[in-house]
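Chemist: Going by the working numbering, 101 is the number at position 101 of the sequence shown; the sequence numbering is gapless. Think of the CB as a built atom: it goes at the ideal place given N, C-alpha and C, for glycine as much as any other residue. Below are the structure tokens for one structure; questions will follow.
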Amino acid sequence: MIAKLVKFLSPTWKISWGFLLVCLPFTSFPLLSKAVGGTHVAPLSIVPLFWLFLTFLPIVFITRQTFPIETKPIIFFVIAAIFSSSAAYFLEIPPYKGFTLFRNNLDAFITLSIGIAFYIITVSWIRSIGDLKSALIYINIGGIIVLFWSVLQISIAWLNNGIFPVWMERIQSSISVSNLVSNLGHFRVFGTTLEPSWLAHCLNMLYLPLWLGSSATNTSVFRTRILRLSIENILLVIGILILILTYSRIGLLSFGLVFIWLILKKSKSITQIITSRFSSKLHRTNRSLQLILAVLLIVILILSLVGIVIGLSSNDNRYAKILQINNEDLIDTNNFMVLANRAAIAERVVYWDLGISVFKHHPIIGVGLGNLGMFTLKDISYYAWKLPELRRVMFVDSYLPNSKNLWIRLLAETGLVGFMIFIIWLINLGHSSTHLLDQSSPLIQTVGMVGQFTLIALILEGFSIDTFALPYLWIALGLLSASLKLNYSFNTAQTSQDGRTDHPFNY
């Protein structure tokens, strides 16, 4: 019975899986956004995800497919989040604009369930090197789409003085709730996503790690080469340029941190090449040369970032304000919010301060998933009253504020318990990814690097976005977990002679 059902549904699963990965760059699809109540976090990939969740995952569990041990901490995190949210009903949580704890919890757990569903389905689907390769091809196709549309946006903005043709505005309005016209005068590219920071986020969490990892391992899922360059090499260069043109400060810093990590990882091998080519005497100073080379490359990278900031400051007042900060501003730590305001991050810092304040009062298990915003009027910093955006949030807007910071949100809403479980999950994945870098399969090596790059970028990206519903982190870590499972299967000879593993498709 199950075998017949799988045979009948398999074609729909394959189509849904490909559609899910190709549509990852579409983060706020208008029709879907309206269908779920007007939220801006409405990835188009949720549509095929829903079908796979209803039909594919039950078969996975019925057939008792094994999951890698790296997936277990995220289950414990969900349990901790449920416990925190249940305990919140016994806390004195202040009212805020008619929001209820049940509504907050429901919305938060829906977004968390979406993220975990992306992760679990990715881990379940990939059962062979062929599945991994096809997944990377689909992801690359989605990346090509978002880069093409981003390049088209920025080209027309430059060539036509920020005025977009009607046909382009119509296409944009059909794929995103963002409006091209609103960016007249100072255009920050945002591609198919909601806003520039979201485009930077999706590039840093999935696409740039994939293209950088493929370039670092000299691996490609495409046969085509242009002037000896792989498709991933070309996409990496274009992707970096688009990242710069998002004018995202966290985005640039996150990718810079990833590059520093890559320099430190590759400096040893570069040093070995230098010593082997010039003189055996250099082997005595191998470590010194490696350190000098790493420092030199990092200095070059930092100078490049400074140059980019100076270049962007002519078009973006936020960067200009950063350059105007002097030594006295940095020394005057008692006036931190004034400094944050000059750096154009005051609103964000106020949200962070709100989350930290809530965490201080409820440090162990937090106030429950989605409940942080209820404390806005009670615990928000006095400096918020000086900021027009925050006055509008408190007195005009009808949505529940959040911390705009993944790390602070975890601390405030799930406490030290949930935060530590989530961090342990990430650290465990990062540690396990190192085992993939020495494997014989180039694709496995690439995914190992992709996982590391994503986790490194998340350190800073977590200070910008706190929603669980954006799929990029979950897909990247799903690819990593699935590769770890493949690697374990190969090493323990648990695959059959034709390379298949225990999976519903194998009926």
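1. Where does PRO504 sit, in a helix, a strand or coil, going by DSSP?
2. With burial defined as no fewer than 16 other Cβ atoms inside 10 Å of the residue's Cβ, what is the status of PRO58: buried or exposed?
3. Throw me the rounded Cβ distance for the SER441 and ILE129 pair, which I believe falls under 8 Å.
4. Would you identify the three-state DSSP class for ILE365, choosing helix, strand or coil?
5. Determine the DSSP secondary structure at LEU437, reduced to helix, strand or coil.
6. Thinking just about the alpha-carbon of each residue, which of VAL22, ALA80, ARG64, LEU21 is nearest to the one in PHE419?
7. Label ALA88 either buried or exposed according to how many other C-beta atoms from any shown protein chain fall within 10 Å of its C-beta, with 16 as the threshold for buried.
8. Run through DSSP, which three-state label would LEU194 get?
9. Measure the alpha-carbon distance for ALA200 versus PRO68 and round it to whole angstroms.
10. Mind checking which residues open and close the alpha helix (DSSP H) that includes ARG392?
11. Is any non-hydrogen atom of the ligand COA found closer than 6 Å to the C-beta of ILE126, if you look at the structure I gave you?
12. Tell me whether ARG225 is buried or exposed, calling it buried when 16 or more other Cβ atoms sit within 10 Å of its Cβ.
13. Per DSSP, what are the beta-bridge partners of ALA344 in this structure?
14. Rank PHE77, LEU458, ILE444 by C-alpha distance to the C-alpha of TRP261 and give the top, closest one.
15. If I'm right that LEU101 touches ILE93 with Cβ under 8 Å, what's the distance once you round it to whole angstroms?
16. Under 8 Å by Cβ, that's how I've got SER16 and PRO48 pegged, so tell me the actual separation to the nearest angstrom.
17. Enumerate, from N- to C-terminal direction, the unbroken alpha helix (DSSP H) stretches of 4 or more residues contained entirely within the region 419-466.
18. If you draw a straight line from the C-alpha of LEU235 to the C-alpha of ILE298, how long is it?
19. Which residue from THR71, LEU406, LEU411 puts its Cα closest to that of GLY368?
20. CA-CA distance, SER28 and LYS404?
21. Pull up the CB-CB distance for GLY191 and VAL146, whole angstroms please, since I reckon it's below 8 Å.
22. Between which residues of its own chain and SER398 is the CB-CB distance below 7 Å, once the five residues before and five after are set aside?
23. Whole angstroms are fine: how far does the CA of ILE465 sit from the CA of ILE427?
24. I need the DSSP call for ARG225, collapsed to helix, strand or coil.
25. Note down the Cα distance separating ILE250 from TRP352, rounded to an integer number of angstroms.
26. Keeping to the same chain, check which residues put their C-beta closer than 6 Å to that of LYS485; ignore five residues upstream and five downstream.
27. With DSSP as the reference, label SER403 as helix, strand or coil.
28. Please give the ranges of any alpha helix (DSSP H) in the region 115-146, keeping only runs that are unbroken, at least 4 residues long and fully inside the region.
29. Between the C-alpha atoms of THR171 and HIS361, what's the straight-line distance to the nearest angstrom?
30. Specify, as a first and last residue, the run of the alpha helix (DSSP H) that VAL166 falls within.
31. Let me check one thing: in DSSP terms, what residues is ALA42 bridge-paired to?
32. Taking the C-alpha atoms as reference points, what is the distance between LEU455 and SER254?
33. By DSSP, does SER16 sit in helix, in strand, or in coil?
34. Could you say if the region 156-169 and the region 236-250 meet the contact criterion of at least three C-beta pairs nearer than 8 Å?
35. Mark SER150 as exposed unless 16 or more other C-beta atoms lie within 10 angstroms of its C-beta, in which case mark it buried.
36. Under three-state DSSP, which class holds SER381?
Modeler: According to the structure data:
1. Sequence index remark: in the sequence shown, residue 504 carries index 504 (1-based). At PRO504, the pLDDT of 49 sits below 50, so the modelled position is not reliable and the matter cannot be decided from this model.
2. Walking along the sequence shown from the start, residue 58 turns up at place 58. Counting Cβ neighbours within 10 Å, PRO58 comes out exposed, since fewer than 16 surround it.
3. Numbered from 1 along the sequence shown, position 441 holds the residue referred to as residue 441. Numbered from 1 along the sequence shown, position 129 holds the residue referred to as residue 129. That pair is a contact at about 6 Å.
4. Mapped onto the sequence shown, residue 365 falls at position 365. The answer is coil: DSSP assigns ILE365 none of H, G, I, E or B.
5. As a working mapping, residue 437 is identified with position 437 in the sequence shown. Coil.
6. As a working note, residue 419 is residue 419 in the sequence shown. For the residues VAL22, ALA80, ARG64, LEU21, the minimum Cα distance to PHE419 belongs to ALA80.
7. Position 88 of the sequence shown holds residue 88. Flag for ALA88 reads buried.
8. Mapped onto the sequence shown, residue 194 falls at position 194. It is coil, neither helix nor strand.
9. The count along the sequence shown starts at 1 and reaches residue 200 at position 200. The count along the sequence shown starts at 1 and reaches residue 68 at position 68. Approximately 30 Å between the Cα atoms of the pair.
10. Counted from its first residue, the sequence shown places residue 392 at position 392. Taken as a continuous stretch (DSSP letters only), the alpha helix (DSSP H) holding ARG392 covers 388-395.
11. As far as ligands go, the structure on display features none, and thus does not contain the ligand COA.
12. Position 225 of the sequence shown, counted from the first residue, corresponds to residue 225. Exposed, by the Cβ-count rule.
13. In the sequence shown, counting from the first residue as 1, residue 344 sits at position 344. None; ALA344 has no bridge partner.
14. The count along the sequence shown starts at 1 and reaches residue 261 at position 261. Measuring from the Cα of TRP261, the nearest candidate turns out to be LEU458.
15. Residue 101 sits at position 101 when you count from the first residue of the sequence shown. Residue 93 sits at position 93 when you count from the first residue of the sequence shown. The Cβ separation is near 7 Å, so the contact holds.
16. Position 16 of the sequence shown, counting from 1, holds the residue named residue 16. Position 48 of the sequence shown, counting from 1, holds the residue named residue 48. Between PRO48 and SER16 the Cβ distance is about 4 Å, and since that is below 8 Å, they are a contact.
17. The qualifying runs are 442-461.
18. As a position in the sequence shown, residue 235 is number 235, starting the count at 1. As a position in the sequence shown, residue 298 is number 298, starting the count at 1. Cα-Cα distance, rounded: 23 Å.
19. By one-based count along the sequence shown, residue 368 stands at place 368. Nearest option by C-alpha distance: LEU411.
20. Counting from one through the sequence shown, the residue named residue 28 turns up at place 28. Counting from one through the sequence shown, the residue named residue 404 turns up at place 404. If I take the Cα positions, the gap works out to 18 Å.
21. If you number the sequence shown from 1, residue 191 lands on position 191. If you number the sequence shown from 1, residue 146 lands on position 146. 5 Å between Cβ atoms; contact.
22. Looking up residue 398 in the sequence shown gives position 398. Excluding sequence neighbours, SER398 sits near LYS97.
23. Reading the sequence shown from its first residue, position 427 is the one you call residue 427. Reading the sequence shown from its first residue, position 465 is the one you call residue 465. So the two alpha carbons sit approximately 20 Å from each other.
24. Your numbering for residue 225 matches position 225 in the sequence shown. Strand, per DSSP.
25. Counting from 1 along the sequence shown, the entry for residue 250 is found at position 250. Counting from 1 along the sequence shown, the entry for residue 352 is found at position 352. Approximately 15 Å, taken between the alpha carbons.
26. Position 485 of the sequence shown, counted from the start, is the residue given in the question as residue 485. Around LYS485: PRO68.
27. Reading the sequence shown from its first residue, position 403 is the one you call residue 403. In this structure, SER403 counts as coil in the three-state DSSP scheme.
28. none
29. Sequence index remark: in the sequence shown, residue 171 carries index 171 (1-based). Sequence index remark: in the sequence shown, residue 361 carries index 361 (1-based). Residue 171 is actually Ile in this sequence, not Thr. As the crow flies, the alpha-carbon of ILE171 is around 48 Å from that of HIS361.
30. Here the question's residue 166 lines up with position 166 in the sequence shown. Run containing VAL166: 166-175, per the alpha helix (DSSP H) assignment.
31. As a position in the sequence shown, residue 42 is number 42, starting the count at 1. According to DSSP, which records beta bridges pairwise, ALA42 is partnered with SER28.
32. As a first step, residue 455 is located in the sequence shown; it is residue number 455 there, counting from the start. As a first step, residue 254 is located in the sequence shown; it is residue number 254 there, counting from the start. Taking the straight line joining both Cα atoms gives about 10 Å.
33. For this step, residue 16 is matched to residue 16 along the sequence shown. In the structure shown, SER16 sits in a helix (DSSP, three-state: H, G or I).
34. The region 156-169 vs the region 236-250: no contact.
35. Here residue 150 refers to the residue found at position 150 of the sequence shown. Under this definition SER150 is a buried residue.
36. On the sequence shown, position 381 is the one that residue 381 refers to. Correct three-state label for SER381: coil.
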